[in-house]
Every structure is written in structure tokens, then in C-alpha cells.
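Which chain is which? The protein sequence lines are A and B, in order. The first sequence begins at 1 in the working numbering and counts up one residue at a time. The second sequence begins at 1001 in the working numbering and counts up one residue at a time.
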Amino acid sequence: MSARRSWRKLVNAVMFFITGLCAAAAVFILLFILGYLVYFGGRSLNWSFLTELPKPVGESGGGMANAIVGTGKLLLLAALIGVPIGLLGGIYTAEFSGRIAAWLVRYTADLLSGVPSIVIGIFAYTLVVIPMRHFSILAGGIALGIMVIPATIRSTDQFLRSVPSTLREGALALGVSYWRAVATVVLPAALRGVITGSILALARVAGETAPLLFTAFSNRYWSPGWSQPTASLPVMIYTYAISPYDDWRRQAWAAALILLLLMLAINITVRYLLSSGKRMHS
Amino acid sequence: MTTSSITIGKLGTSKRLHIFINRCKNGDWLAHRITSLFAYTLLLLTALLVIELYRHSGPSIRSFGWSFFITRTWDPIAGQFGALPFIYGTLITSAIALLVAIPLGVGAAVFLAELAPREISDTLTFVIELLAAVPSVIYGLVGIFVLVPGMRDTVQPALKAVLGFLPLFRGPNYGVGLLSAGIVLAIMVLPFIISLSREALLAVPREQREGALAIGATRWEATWQVVMPGARLGIMGSILLALARALGETMAVTMVIGNNPKISASLLAPGYSIAAVIANEFTEATADLHLSALVELGLVLFLLTAIINGLGQLLIFATSGRGTKQE
């Protein structure tokens, strides 16, 4: 009996150890990637990397200023396209729609968010690049914007629904119309979650490469306006990483470091804001 | 829609306009209409996505029909396109990814949900969720410079020495190939399996755990014999969602798979995946048929991931919302 009991305790301890090791392995991967990029990317990160254009092949130095601006412009377009549709669509789903329409929107949002990003790239290509006959920032921004929509709809919908119905009823009992109750009571109550949800959706597409390959394409120079192809950080990382030149590879590490730090900073800030918001409510 | 219908119908124009203006004064009606317009944009876009993919794969579908899926040649110059090498590469790399990621991911989820102390679990969960935010091109970058040399110099020679009698581990050793791509994919889907499986485990009612512990089970026995069976469907759902991600993942795979449209029994051999060939050849495709074949590959990828995602979500939906997870 006691032998059996110590055996069971041993199994318990061993499984605790093994599963803990699995979790530790996952955490180790993140720390490794971060450490690797800080070590190798940090060394090639300097002022000219942030402010200069790429140099021609063979010349060392130069930077990715055009790619940084390009990513900024792409994200601006993605936000202009994706966030309004996502926010208002989410408000519709949570507050105004019937049961079937809400199900349909949620189902479609999940479907679209599961579509591989390269397929979204093909879609934007057929939608924008073929009629315009050339690659453009616009096409890239539309591709990213389409990817922002489902995530924003789902998070807006979710945060609005988590607002207690007593708040809605209280406003309605005071005699305001339903849309006013939504606009002045429900939406402000969920605002923190709704905004952070959109920011997270944008942060996620900031690192997308595949949908940009044949929409925004790439560019070794500045791309003024919205109808020219543009460089972007993720595509530059890809192009430089698979290149045979050491100098380009070093720059790929530096660009990856910038992108990763940006992602981590946004994610950590947003999660912190959300969790402190939760504590305030309860 | 309303403006066009003003002039027709039995009612006079002014009467119709009057009704319309009155409705606009009703804020609820207007808000409902405006927001629904934006929500339906989503539906429209998704429908358009399917239509465009189908329309542009037309030439390829007409030329090759079903034989597209069983033809092994992919020769843009001769205008001969068969998807088999890409489908093979996609399925094999995803299978390797799941084989590696399921035990690791479910193990980690069990640790985080059931066995670890609360503070440790919260911190680790936070870090693992950050891992999901790392862009795929960065996984590819680290894959090229760390994983591929490591596989070429250490892991694959060892595999060949020990398991070389299997055809799976024969042939030249480049570092890039199906195995490397599968491992990068495993790392990428790991955070999804962990966080979704963890939620599935937490959704099992607490009373069931307490009951098992009360009759003398150890924590592991309670987890293995009581909680795990309850969370089985949810965990399967998380695996399906991870599979859909692995099938459609592009950049990291493109960077380490070797990009060679050959079907080889060896896992060490370079291969190709559906997403990778689209990424590599789309901008270079000058012939209409070539482009069309690539779009058809995109359509295949879309259908595959849509079906698997749908099943996964169904399973997760079936198990969520009945547990003790407090919100």
C-alpha cells in the first residue's frame, strides 16, 4: 500500500517536472529570439540605419528610413480602412443586430481572420493591382486593412457585450433612445477595451510580410504619394535575410530587432492597460 | 436604396420622401442602418474574396481540372502546372509541426492550468502570449541563421547516424528542408496550442477537480483522469486551429523549406509548400496560366484552412462557457 502510494506521488512529481519543462521550453524560445536579435541586431543599429536610404549592392552602410516610413504609411491606410468598419460593424453586432445577423457576422469574421495572409495578398492583388496595373502603397494598405477588420469587429463586439446590461437599462429608463444609450453610456464604458482591441489588431498586421509581397512590393527609394510601390520593414527583413550579402543580413537583424521591440512594447502596454482597467471595474 | 425607390411605387414622391425623412429623425433606425452597412461590408468582402479567387483560377481549372491535384510537374516554361509537390510539402511540414507541438503544447497547457502555482502560471502565460505576437518573418530570420546551421551541422548528421536505415532520414543534408520547416512551424503554432488548450482545461468545472482530490487522487491523477477527458474536445479544437495556421503559414516556411518542387521520401530533402510557391513566384508569373495556377493554389489553401478552422471553432464552441472560469 505505501509502496503504491509513494509510486503515485513519484508519478505526480515527475509529471509536474515534465509539463513544467514544456512550459519552460516555450518561454525559452521567446527569450532566445529576443536575446539573439538584441545581440546581433543591436550591433548594426545606428542613427544612419534609421535615417538613410538603402545603399546599392556592394556599398556598406545605408539604412531603412524608407521602409520605416513605408510601414507607417501602410499602417495608416490599414487603420483608415479597417478600424471604422471594424468598430461600427462590432457595434452593430453587439447592440443593433438580430440574433441571426450577429451569428452571421461573427462567423464570417472568424472565417476571414483564419484566411492565410498570403491569400489576402492575392485578393488585394486582384482587387487593386490588376486594375491599376502596378504595385502600390494603396494595394498594400487595403490588404492590411482587410486583415484588421475581423479582429476589430470581434474585440469591439466582445467588449461591448461585457458591459453589464444594467447600465443600458439605466440609461433607457431615463428616457433616452437606444442609440443614445449606446453612444453615451455603453460605448464609453467599453472604450478602453475597444481601443486597445483595434491597436492590437493593427500591431498584428504591422509584422505581416506575405500580403505585402505582391501588393506594396518593395522600393529602394522613397515612395511619395500613395500609388507607388513602397518598401516596408517586414519585406525588407525578408529580402535582406535571404540575400547573400553579410551587410544586408546584419541590417535584417537590426530591422527585425526594431520590429520585435515595437510589437512587444505595444502588446505589453495594451495588456497592462487592460488588466489595470479590469481591476478598476471590480 | 431608398432614394432609388422614391420615384417608383404607389405612393407619391413627396410622401415617400416624407417617410424617409421621418425615419432619419428616428435615431435608432438610422444608427441601425449605418452600423449594419459597415457590418455587411465584412460579409461583402468575404464573398468577394471567394469570387475573385475562383474567377482568377478559371484558366487553370479549365486547363487542368482535377488532374491539377495529382500532377507532379510544375514547369512554368512549358506551361505545365501540377500542385502535388506543394500539397505534399504543406501536409508533411504541418504534420511534423503538430507532432512536435502537440505534446509540448498540451504539456505546457496542463502545467499552466492545473499544476503550477498561480503566480508562476500567470507570468508564464503572459510571456507565451507574447510569443504569439512575434511576426512570422522574424521566426524565418532566426530559422535561417540559427536553426538551419544547427540542423545541418548537428541534428541531421545525428539523425542520419541513428535512423539512417529509414528512407525518411536519407539523402544529402542541406539544413534547409521539410524537417527544418516543420520545426519552425511547430515553434510558431506552439503558443496557440498552449493558450487555447489552457482555456479548454480551465473551462472544466472546478467541482470535478475537487471531487477527484477529495477521494484521494494526486493532482496529476485528477488532471489526467478527470480534467483531461472533460477538456478533450477543446484541446482537439485548439489543435485543429493550429493546423490551419500551419497550413497557411508563409514567410517562415519559405525561408527554410528549400523551395524545390520535388517529392522526396526523405524529410531532410528540400521541399516546397503551397504558400511558399505563391510567395516566390507570384510577382514573376508573366504567363496568364502561371498566375492562374498560383491563384488556384491560393483557393485550395483558402478552402483547406476554412474547413479546418470551422471544425476547430465548432469544437471549442462546444466546450466553452460551461466551466468555472470566472470573467
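For each residue, glycine too, the CB sits at the ideal point set by N, CA and C. Predicted model, so just to flag it, every value in this text is computed and none were measured.
How far does the alpha helix (DSSP H) with residue i in it reach, from first residue to last?
i: residue 1195 of chain B; result: 1178-1202
i: residue 1087 of chain B; result: 1084-1110
i: residue 159 of chain A; result: 137-161
i: residue 1050 of chain B; result: 1027-1056
i: residue 238 of chain A; result: 233-241
i: residue 46 of chain A; result: From DSSP, residue 46 of chain A is part of no alpha helix (DSSP H); its letter is neither H nor E.
i: residue 1162 of chain B; result: 1156-1163
i: residue 1277 of chain B; result: 1274-1281
i: residue 1244 of chain B; result: 1228-1248
i: residue 1138 of chain B; result: 1136-1142
i: residue 1206 of chain B; result: 1206-1214
i: residue 1286 of chain B; result: Careful: residue 1286 of chain B lies outside any alpha helix (DSSP H) and carries neither H nor E.
i: residue 1263 of chain B; result: Run containing residue 1263 of chain B: none; DSSP gives neither H nor E here.
i: residue 170 of chain A; result: 165-173
i: residue 1119 of chain B; result: 1118-1131
i: residue 179 of chain A; result: 178-181
i: residue 1220 of chain B; result: 1219-1222
i: residue 1255 of chain B; result: 1251-1256
i: residue 215 of chain A; result: Counting along the chain, residue 215 of chain A falls outside any alpha helix (DSSP H), and DSSP gives it neither H nor E.
i: residue 1270 of chain B; result: From DSSP, residue 1270 of chain B is part of no alpha helix (DSSP H); its letter is neither H nor E.
i: residue 198 of chain A; result: 187-206
Give me the DSSP bridge partner(s) of residue i.
i: residue 1074 of chain B; result: B:1081
i: residue 41 of chain A; result: DSSP lists no partner for residue 41 of chain A.
i: residue 62 of chain A; result: A:54
Can you give the beta carbon distance from residue i to residue j, rounded, assuming they're within the 8 Å contact cut?
i: residue 1073 of chain B; j: residue 1065 of chain B; result: Going by Cβ atoms, the distance from residue 1073 of chain B to residue 1065 of chain B rounds to 15 Å, so no, they are not a contact pair.
i: residue 233 of chain A; j: residue 68 of chain A; result: 6 Å
i: residue 1276 of chain B; j: residue 1257 of chain B; result: 6 Å
i: residue 1270 of chain B; j: residue 1177 of chain B; result: 5 Å
i: residue 1096 of chain B; j: residue 1179 of chain B; result: 6 Å
i: residue 236 of chain A; j: residue 255 of chain A; result: 6 Å
i: residue 215 of chain A; j: residue 223 of chain A; result: The pair is not a contact, with the Cβ atoms about 13 Å apart (cut-off 8 Å).
i: residue 85 of chain A; j: residue 1282 of chain B; result: The pair is not a contact, with the Cβ atoms about 26 Å apart (cut-off 8 Å).
i: residue 1316 of chain B; j: residue 1196 of chain B; result: 7 Å
i: residue 1305 of chain B; j: residue 1247 of chain B; result: 6 Å
i: residue 36 of chain A; j: residue 1142 of chain B; result: 6 Å
i: residue 74 of chain A; j: residue 140 of chain A; result: 5 Å
Quick one: is the Cβ of residue i within less than 6 Å of any heavy atom of the ligand PLP?
i: residue 1040 of chain B; result: In terms of ligand content, the structure shown is empty, and the ligand PLP therefore cannot be addressed.
Original post:
In chain order, what residues of the region 108-127 of chain A put their CB closer than 7 Å to some CB of chain B?
Top reply: 108, 109, 110, 111, 112, 114, 115, 116, 117, 118, 119, 122, 123, 126, 127
**OP:** Return the residues of the region 126-149 of chain A that lie within a Cβ-Cβ distance of less than 7 Å from chain B, sorted by chain order.
**Re:** Contacts with chain B (Cβ-Cβ distance below 7 Å) from the region 126-149 of chain A involve 126, 127, 146, 149, listed in chain order.
**OP:** Determine which residues of the region 1270-1297 of chain B have a Cβ less than 7 Å from any Cβ of chain D, and write them out in chain order.
**Re:** Annotation note: the requested chain D is absent from the structure, which comprises protein chains A and B.
Original post:
Can you list, in chain order, the residues of the region 178-193 of chain A whose Cβ is nearer than 9 Å to any Cβ on chain B?
Top reply: 178, 179, 180, 182, 183
Original post:
What residues in the region 25-47 of chain A have a beta carbon less than 7 Å from any beta carbon of chain B?
Top reply: 25, 26, 27, 29, 30, 33, 36
Subject >> Near-chain A residues of the region 1202-1226 of chain B (beta-carbon distance less than 9 Å), N- to C-terminal order >> reply: 1217, 1218, 1219, 1220, 1221, 1223, 1224
**OP:** For the region 208-219 of chain A, enumerate the residues whose C-beta is nearer than 8 Å to any C-beta of chain B, in chain order.
**Re:** 208, 209, 210, 213, 214, 217
Subject >> Whole alpha helix (DSSP H) elements within the region 56-130 of chain A, 4-residue minimum >> reply: For the region 56-130 of chain A, whole alpha helix (DSSP H) runs of length 4 or above, ordered along the chain, are 65-91, 99-114, 117-124.
Original post:
Relative to chain A, which residues along the region 1180-1197 of chain B have a C-beta separation below 9 Å, given in chain order?
Top reply: 1187, 1190, 1191, 1194
Subject >> Members of the region 226-246 of chain A that neighbour chain B once the beta carbon cut-off is set at 7 Å >> reply: 234, 237, 238, 241, 242
**OP:** Select from the region 258-274 of chain A all residues with a C-beta closer than 9 Å to any C-beta belonging to chain B, and list them in chain order.
**Re:** 259, 260, 263, 264, 266, 267, 268, 271
**OP:** Could you please tell me which residues of the region 1036-1049 of chain B, in chain order, have their CB closer than 7 Å to any CB of chain A?
**Re:** 1036, 1038, 1039, 1041, 1042, 1043, 1045, 1046, 1049
**OP:** Can you give me, in chain order, the residues of the region 58-91 of chain A that have a beta carbon less than 9 Å from any beta carbon in chain B?
**Re:** Those residues of the region 58-91 of chain A that come within reach of chain B (Cβ to Cβ, closer than 9 Å) are 84, 85, 86, 87, 88, 89, 90, 91.
Original post:
Residues in the region 1243-1266 of chain B with C-beta within 9 Å of chain A's C-beta atoms, listed in sequence order?
Top reply: Those would be 1244, 1245, 1247, 1248, 1249, 1250, 1251, 1254, 1255, in chain order.
Subject >> Selection of the region 1140-1172 of chain B by Cβ proximity to chain A, strictly under 8 Å >> reply: 1140, 1141, 1142, 1144, 1145, 1146
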